[in-house]
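A.B. asks: Residue numbers (the working numbering): 904 to 1490.
(1) Taking residue 1059 and residue 1122 to be in contact with their CB atoms under 8 angstroms, please state how far apart those CB atoms are, rounded to whole angstroms.
(2) What does the alpha-carbon distance come out to for the pair residue 1156 and residue 1019?
(3) Does DSSP put residue 1482 in a helix, in a strand, or in coil?
(4) Since I believe residue 984 is in contact with residue 1021 (beta carbons under 8 angstroms), could you give me their beta-carbon distance rounded to a whole number of angstroms?
(5) Return the first residue and the last residue of the alpha helix (DSSP H) that residue 921 is part of.
(6) Between the C-alpha atoms of residue 1491 and residue 1413, what's the straight-line distance to the nearest angstrom?
(7) Could you check if residue 997 is buried or exposed, using at least 16 other CB atoms within 10 Å of its CB as the buried criterion?
(8) Report yes if the C-beta of residue 1297 is less than 7 angstroms from at least one heavy atom of the ligand NAP; otherwise report no.
(9) Using only the alpha-carbon positions, how far apart do residue 1367 and residue 1390 sit?
(10) Would you kindly report the start and end of the unbroken beta strand (DSSP E) that includes residue 1142?
(11) What number of angstroms, rounded off, separates the C-alpha of residue 1418 from the C-alpha of residue 1428?
(12) Could you name the residues that DSSP lists as bridge partners for residue 1078?
(13) Considering Cα atoms alone, identify which of 1200, 1183, 1164 and 1337 is closest to residue 1174.
(14) So, is residue 1114 buried or exposed, given that buried needs 16 or more other C-beta atoms within 10 angstroms?
(15) If the criterion is Cβ atoms closer than 8 angstroms, does the pair residue 1317 and residue 1148 meet it?
(16) If residue 1293 and residue 1346 are in contact, beta carbons under 8 angstroms, what's the gap, nearest whole angstrom?
(17) Indicate the three-state DSSP secondary structure (helix, strand or coil) for residue 1364 in the structure shown.
(18) Could you tell me whether the Cβ atoms of residue 964 and residue 1358 are closer together than 8 angstroms?
(19) Return the chain-ordered list of same chain residues with a C-beta closer than 7 angstroms to the C-beta of residue 1124, the five sequence neighbours on each side being excluded.
(20) Grab the span of the alpha helix (DSSP H) containing residue 1115 for me, first residue to last.
(21) How many angstroms separate the CA atom of residue 1178 from the CA atom of residue 1111?
(22) My guess is that residue 1212 and residue 1185 are in contact by the Cβ rule of under 8 angstroms, so how many angstroms apart are they, rounded?
(23) Note down the Cα distance separating residue 1365 from residue 1334, rounded to an integer number of angstroms.
(24) Tell me which same chain residues have a C-beta within less than 7 angstroms of the C-beta of residue 1017, skipping the five on either side of it?
(25) Skipping 5 residues on each side, what residues in its chain have a beta carbon closer than 8 angstroms to that of residue 1070?
(26) Leaving out five residues on either side along the sequence, give the residues of the same chain with a beta carbon under 7 angstroms from the beta carbon of residue 967.
(27) Can you have a look at residue 1394 and say buried or exposed, based on whether 16 or more other CB atoms are within 10 angstroms of its CB?
(28) Can you confirm whether the stretch 1441 to 1460 touches the stretch 1267 to 1283 when touching is taken to mean that 3 or more C-beta pairs between the two stretches lie within less than 8 angstroms?
(29) Given this structure, state the Cα-to-Cα distance separating residue 987 from residue 1054, to the nearest angstrom.
(30) According to the Cβ coordinates, are residue 1057 and residue 1090 closer than 8 angstroms?
(31) Ignoring anything shorter than 3 residues or poking outside the stretch 999 to 1087, list the beta strand (DSSP E) runs there in chain order.
(32) Based on the DSSP output, what are the partners of residue 950 in its beta bridges?
(33) For residue 1222, which beta-bridge partners are listed by DSSP?
(34) Can we say the stretch 920 to 932 touches the stretch 1297 to 1308, given the rule of at least three CB pairs closer than 8 angstroms?
(35) In three-state DSSP terms, what is residue 1350?
(36) Between the C-alpha atoms of residue 1215 and residue 1119, what's the straight-line distance to the nearest angstrom?
Okay, structure coming up:
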C-alpha cells in the first residue's frame, strides 16, 4: 500500500488514474475548479472540454459503449450538475456504466441555498444506480473506487459522486489500494442450476419457442454464446432495439427487431409463441404494446442480472437471476443434456409459419412520387457503403427507427442509440465519445434536424479535439415522428412540429446546416437527389482529418412502418396506413 500526502483534488485525480480512466469529458466551474488544477498536470488523463454538460454525459455514454469501460463526465455544482441530469437518466434507462463527478458548494454552505448550490444527489436519486455526497477529503479515493465498482458490475448503470469544494481543497493522506465498504452490494451472476434445467426442459417441449434477446446480452458480452444456443435449439431469435447485432442480422435464425416499429415476422413470432425465453430483456412497453395482449399463449422464462426486472411487467414461469453470459452458457449445457436424453424440440411447423411471414412482409419503403429524396434510402446507403465494421449512432425519432431497420448489423455493439429515455440530442455527443473510445473506427451519427439542433455545439469540440465523426442530418424540416403521429391520430393538425418557416424565409434554410458545419470548423455537404447519395457518402468517407456534416434534404412526409400504435396490442400492427398483415387463422 502506498501512502502520500496531497489535496483532496489530487486524490481525486490519482484515484481516477488508478481505476484505469484515460478520458474525462467535462466543463470546469467554481465548485469543481480545485479538481481541474491537478487534472492539468496528469499525464494519464485526457480531458475533453465539451460545450455543454449534457454533451459530456452522452459522450461518456458513447465512450463506455464502444470500450466496455466506465465512461466519465465532470461538471461543477448547480446548473453544471443539473445539465448532466438528462444524460444520467439516459444511461440509467439503457444500463450504461458512467461515473458523473460533480463539484458541490463548500460543506458549510450545503443546505443554505448558496450560490450555484443544487442537491444533485437528491435530484438524481431515482436515476442513478447509486450516488454519493462526499464532504471529507479522506473519503474521496475510496468513494471513487466504490463508484466505479458499482457502475461496472451487476447491471451496469450511472453513479454520481458529488464532492464538496472544501473536501477537494483539504489535505489528506492518500492511500491505495482502498478497501471497498459496500455492505449488501452482492450482484448475483451465477444462475440457479435448477431454474436453468427447467428452462431447458420447456425449450425442448415447446412447439413455438422464441429467444427474446435484450440489451443485457450485449452488456454481458454474450453474443457468441447466444449464437451457439440459437443454433443448438433451432429456435427463432428476435433482438430488441438495444440488442441489435447480438445475433447477426444475416443469420437465418434471426427474425429481426420486435416492437412498435418492428418487423411483422418478429412481432408475429412473439405474439404466436408458446414459450418466450427472455434474455437480458425487460418487457418494455415499446416491445409488448398493450401488455395484457402480449404473447397471450406463451410461458415465460425470464433471465436477467437485475432481480427487480423479473416479473415486473410479465409474470415469469421460470425466473433466472444471473449474468446473461453465464445463464446462456449453462443453458447450452442443459439443452445438450436434454438432447442426449432423446428430448429435442420439433419446430418444423413453426418455422414454416415464420418463413411465410418473413417472405410476405419484408421491410421496405416507397420512393416519393415527387422525386424528392427518400430518408430510408439515404440511411440504407450509408450502411452499405460504411459497412458492418463502422459504428452507427442514432438520435431519436424516425431516423432512429430507419437506422434500426435498414442498416444491417453483423456484430455486437455497432449500433448506439437512446432506447429507454428517447433523448433528442443524443447522437452527436455520443458519436464523439464513441470515436474517442475507438479512434481507428468509422463512426456515423444518423441524426434528425430536430435532434441535431439540440447538441450540435459539440461540433466545435470535435473539430478542436480532432474527433472526425461523420454526421448525416436527415433533414425533413419537421419533428418527423411527432408529425407522423399528428398525421395518423390528430387529423393532420401539425401543431408546432414544423422546424422551417412557412413564409418566404424558408428558402434561406434556417439554419443552413452546411454553413453551420463550416462555422464550427467542419466540412459541410448537402444532398437532395437520390443519384447523388452514393457520391456524397463516398466523399465523406474519404475525409478523415475533420468532422463531416451532410445535410440530406428528404421528403417531409415519409413514415416509419410497420407500426403498433400506442395503447394497442401487437396484433394490431399496421404495415402501412390502413393496412394490416393477414394473420392466418389467428396463427
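For glycine and all other residues, C-beta sits at the position ideal for the given N, C-alpha and C.
C.D. replies: Reading from the atomic positions:
(1) Numbered from its first residue, the chain shown carries residue 1059 at position 156. Numbered from its first residue, the chain shown carries residue 1122 at position 219. The Cβ separation is near 6 angstroms, so the contact holds.
(2) Working through the chain shown from its first residue, we reach residue 1156 at position 253. Working through the chain shown from its first residue, we reach residue 1019 at position 116. One C-alpha to the other measures close to 55 angstroms.
(3) Position 579 of the chain shown holds residue 1482. Residue state, collapsed to three classes: strand.
(4) Reading the chain shown from its first residue, position 118 is the one you call residue 1021. Reading the chain shown from its first residue, position 81 is the one you call residue 984. Correct: roughly 6 angstroms between the Cβ atoms.
(5) The residue labelled residue 921 in the question sits at position 18 within the chain shown. Segment 911 to 921, the alpha helix (DSSP H) holding residue 921.
(6) Since the displayed the chain opens at 904 and closes at 1490, residue 1491 lies outside it and no answer follows.
(7) In the chain shown, residue 997 corresponds to position 94, counting from 1. Its Cβ being crowded by 16 or more others within 10 Å, residue 997 is buried.
(8) This structure lacks the ligand NAP, and indeed carries no ligand of any kind.
(9) In the chain shown, counting from the first residue as 1, residue 1367 sits at position 464. In the chain shown, counting from the first residue as 1, residue 1390 sits at position 487. Taking the straight line from one Cα to the other gives about 42 angstroms.
(10) In the chain shown, counting from the first residue as 1, residue 1142 sits at position 239. Per DSSP, residue 1142 belongs to the beta strand (DSSP E) from 1140 to 1142.
(11) Taking the first residue of the chain shown as position 1, residue 1418 is located at position 515. Taking the first residue of the chain shown as position 1, residue 1428 is located at position 525. Approximately 9 angstroms between the Cα atoms of the pair.
(12) Indexing the chain shown from 1 puts residue 1078 at position 175. Per DSSP, 906.
(13) Reading the chain shown from its first residue, position 271 is the one you call residue 1174. Cα-wise, what sits closest to residue 1174 is 1200.
(14) Walking along the chain shown from the start, residue 1114 turns up at place 211. Answer is buried; the Cβ neighbour count reaches 16.
(15) Within the chain shown, numbered from 1, the residue matching residue 1317 stands at position 414. Within the chain shown, numbered from 1, the residue matching residue 1148 stands at position 245. Yes, the Cβ-Cβ distance between residue 1317 and residue 1148 is below 8 angstroms.
(16) By 1-based counting over the chain shown, the position of residue 1293 is 390. By 1-based counting over the chain shown, the position of residue 1346 is 443. With 8 angstroms as the limit, residue 1293 and residue 1346 qualify as a contact, their Cβ atoms being about 7 angstroms apart.
(17) Along the chain shown, read from residue 1 onward, the residue named residue 1364 stands at position 461. Helix at residue 1364.
(18) Counting from one through the chain shown, the residue named residue 964 turns up at place 61. Counting from one through the chain shown, the residue named residue 1358 turns up at place 455. It is not a contact, given that the beta carbons lie outside the stated cut-off.
(19) To locate residue 1124, count along the chain shown from 1; it is residue 221. Within the same chain, residue 1124 has close Cβ partners 1228.
(20) Along the chain shown, read from residue 1 onward, the residue named residue 1115 stands at position 212. From DSSP, residue 1115 is part of no alpha helix (DSSP H) but of the beta strand (DSSP E) over 1112 to 1116.
(21) Position 275 of the chain shown holds residue 1178. Position 208 of the chain shown holds residue 1111. Taking the straight line from one Cα to the other gives about 6 angstroms.
(22) Against the chain shown, residue 1212 aligns to sequence position 309. Against the chain shown, residue 1185 aligns to sequence position 282. That pair is a contact at about 5 angstroms.
(23) For this step, residue 1365 is matched to residue 462 along the chain shown. For this step, residue 1334 is matched to residue 431 along the chain shown. Going from the Cα of residue 1365 to the Cα of residue 1334 covers about 10 angstroms.
(24) The sequence position of residue 1017 within the chain shown is 114, counting from 1. Hits under 7 angstroms: 1008.
(25) Residue mapping note: residue 1070 aligns to position 167 of the chain shown, counting from 1. Around residue 1070: 911, 1010, 1037, 1038, 1039, 1040, 1042 and 1043.
(26) Locating residue 967 in the chain shown gives position 64, counting from the first residue. Result list for residue 967: 973, 974, 999, 1000 and 1001, in chain order.
(27) Counted from its first residue, the chain shown places residue 1394 at position 491. Residue 1394 should be labelled exposed.
(28) yes
(29) Residue mapping note: residue 987 aligns to position 84 of the chain shown, counting from 1. Residue mapping note: residue 1054 aligns to position 151 of the chain shown, counting from 1. Cα to Cα, the separation comes out at about 16 angstroms.
(30) The residue you call residue 1057 lines up with position 154 of the chain shown. The residue you call residue 1090 lines up with position 187 of the chain shown. Yes; because the gap between Cβ atoms is below 8 angstroms, this pair is in contact.
(31) 1001 to 1007, 1033 to 1037, 1062 to 1067 and 1074 to 1079
(32) Mapped onto the chain shown, residue 950 falls at position 47. Note: residue 950 sits in a beta bridge opposite 927.
(33) Start at 1 with the first residue of the chain shown, and residue 1222 comes out as number 319. According to DSSP, residue 1222 bridges with 1205.
(34) no
(35) Along the chain shown, one-based indexing puts residue 1350 at 447. Of the three classes helix, strand and coil, the one that applies to residue 1350 here is strand, per DSSP.
(36) Working through the chain shown from its first residue, we reach residue 1215 at position 312. Working through the chain shown from its first residue, we reach residue 1119 at position 216. Each residue's alpha carbon lies about 16 angstroms from the other.
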